[in-house]
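Q: Mind looking over this structure? Questions follow.
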Amino acid sequence: MPEERLARRIGLFDSTMVVMGGIVGSGIFVTPAIVASWTSTREEMIGAWIVGGAAALLGAFIYADLSRRRPFAGGQYVYLREAYHPAVGFMYGWALLLVIQTGGMAVCAMTFGRYFGQLAGIAVADGVLAGLAIGILTLVNCLGVGAGARVQSALMVLKIVAITALIAAGLAGVPSAAQESVKGGTSFVAALVPVLFSYGGFQTACFVAGEMKDPGRDLPRALVTGVLGVIALYVGVAFACDRVLGKAALEHSVAPAMDVATRVFGARGAALIGAGVAVSSLGFLSQSILTAPRVYFAMAEDGAFLRGLARVHPRTRAPVAAIALQGAVAIALALAGTYEVLLRYVVAIDFIFFALVASCLFVFRARGEPISMPGHPLTTLLFIGVCAAVVISTFARDPVHALIGLALTLAGFPVYLLWRRSDERLR
């Protein structure tokens, strides 16, 4: 199999850190304010984080089932390719490279540059620091999956420490004395959209299945354990922000995590959270560079993408060309400043593919494969329904950007046909 050319050096702990690192970015330091403003009561707000976590856990079980039988490099690309058609898998990889992954990387790199520059007192443009961060982490991952996984795990541990410190601040601080009033004009379903997006990213751990020591055992465990860990962190942050600030103040906070830390610890608290945001951004960036290039590598192995991306370094056994390509695209987006626009296309497309991947269970079951998803088919249908609700809500709220994102994804189909014809000629 092509994935045997890659080095199997990722164990259970690193796999779990990859799962958590793919979910936790800098958004959790801001998103609680958005969720608070879209819910009418404190109970609804906390409930949104719990319900969103439950939906993510369903997704983790689905991906655990798929990865157990197909523990290959490429993850979602492989599942879609084998369930439907190589073209469907290609369109996912195409969207991943042009919008989903590189757009998110550019945003996180810019966020890191902004906070790191302020903390270090460096008068350098955010885009330059962002480009340097992407470049350095790209080089680290070119040294091999072992080096990339170790750096990613270290950054994820630091993220957990920073978020735990925020939760501790919320528990130690003086509770807000503000009286809560029930607010009208809210939507629990609308509040779930940013929550569900915050829980996304666990699926990227499947990209590096071909480099795990025992993917059939470790990846399913890492998916479930990692998502459970993130649920605990996210619910804890939401509770901490509400307890110290009060729901009304939380709704209008631009940086709720910063406000909590400042109120409890003063200026030092603000610096602590600033460092936490920088580390979280860098950790998400590291995870993205570690995982997504394996999709482009798998596509190239199939002859559906640039053949050079299938090259593996003879010593490090890392797909250096695929890693370098993604790094170059992300740096270009960060320097061009178009990443914020691109990210507005991401949500709907990401959840369309979530639903498609979940539906793969029905396809494989119809072919006679056993399904170990707990509660299937009802739980699988429930997850698909949640994804559909997010997609519908996104198209209703921002139809222009959602349609542009869909058009960019569908544009991958003629590109796939061109590459296939070119590959056949070369043969």
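All residue numbers in the sequence shown are consecutive under the working numbering, ending with 1164. Idealized CB from N, CA, C, for every residue including glycine.
Would Gly953 be called buried (16 or more neighbouring beta carbons within 10 Å of its own) or exposed?
A: Gly953 is exposed by the Cβ-count criterion.
Q: Cα-Cα, which of Val844, Val1016, Leu834 is closest to Ala1061?
A: Leu834
Q: Under 9 Å, do Asp1039 and Arg887 count as touching if we go by C-beta distance?
A: No, the pair does not count as a contact, with Cβ atoms beyond the cut-off.
Q: Is Ile799 helix, strand or coil by DSSP?
A: helix
Q: Ignore the nearest five residues each way along the sequence and tell me which others in Gly864's own chain have a CB closer than 8 Å to its CB.
A: Met847, Gly850, Ala1071, Leu1072, Gly1074
Q: Okay, do the segment 929-949 and the segment 767-780 touch, 3+ Cβ pairs below 8 Å being the bar?
A: yes
Q: Check whether the Cβ atoms of Ala1047 and Ala1065 lie closer than 9 Å to each other.
A: no
Q: Look up Ile871 in the DSSP assignment and say whether it is helix, strand or coil.
A: helix
Q: Give the secondary structure of Met949 by DSSP, where H, G and I count as helix, E and B as strand, and everything else as coil.
A: Here Met949 sits in strand by DSSP.
Q: Taking 9 Å as the cut-off, decide whether the C-beta atoms of Tyr816 and Arg805 are in contact.
A: no
Q: Threshold first: 4 residues or longer. Then list the alpha helix (DSSP H) segments lying entirely within the segment 1080-1153, N to C.
A: Correct list: 1083-1103, 1115-1134, 1136-1147.
Q: In angstroms, rounded to a whole number, what distance separates the CA positions of Glu1106 and Leu1098?
A: 9 Å
Q: What number of angstroms, rounded off, separates the C-alpha of Phe1091 from the C-alpha of Leu960?
A: 15 Å
Q: Assuming Asp1039 is part of the alpha helix (DSSP H), what are its boundary residues?
A: Counting along the chain, Asp1039 falls outside any alpha helix (DSSP H), and DSSP gives it neither H nor E.
Q: What residues in its chain sit with their C-beta under 7 Å from that of Lys896, if we drop five residues either side in the sequence?
A: Val761, Val1016, Ser1017, Gly1020
Q: Rounded to a whole number of angstroms, what is the C-alpha to C-alpha distance between Gly759 and Tyr1153?
A: 27 Å
Q: Look at the alpha carbon of Thr1146 and the alpha carbon of Ser890, and state the distance between them as a whole number of angstroms.
A: 32 Å
Q: Can you say whether Arg1104 is buried or exposed, counting buried as having 16 or more other CB atoms within 10 angstroms of its CB?
A: exposed
Q: On the three-pair Cβ rule with 8 Å, is the segment 966-973 touching the segment 784-799?
A: yes
Q: Could you check whether Arg1000 and Gly811 sit closer than 9 Å to each other, using their CB atoms as the reference points?
A: No.
Q: Which value, in whole angstroms, describes the spacing of the CA atoms of Ala994 and Arg746?
A: Those two C-alpha atoms are separated by around 36 Å.
Q: Could you tell me which residues DSSP pairs with Ile747 in its beta bridges?
A: Met949
Q: Quick one: is Gln980 buried, meaning 16 or more other Cβ sit within 10 Å of its Cβ, or exposed?
A: The residue asked about is misnamed: residue 980 is Arg in this sequence, not Gln. Answer is buried; the Cβ neighbour count reaches 16.
Q: Please classify Phe1045 as buried or exposed, where buried requires at least 16 neighbouring CB atoms within 10 angstroms.
A: Per the sequence shown, the amino acid found at residue 1045 is Gly instead of Phe. Gly1045 is exposed by the Cβ-count criterion.
Q: Would you identify the three-state DSSP class for Pro1051, choosing helix, strand or coil?
A: coil
Q: With C-beta atoms as the reference, is Gly1006 less than 9 Å away from Ala899?
A: Taking 9 Å as the Cβ cut-off, Gly1006 and Ala899 do not qualify as a contacting pair.
Q: Would you mind giving the Cβ-Cβ distance between Thr875 and Phe944, rounded to the nearest angstrom? I have them listed as a contact below 8 Å.
A: That pair is no contact at about 16 Å.
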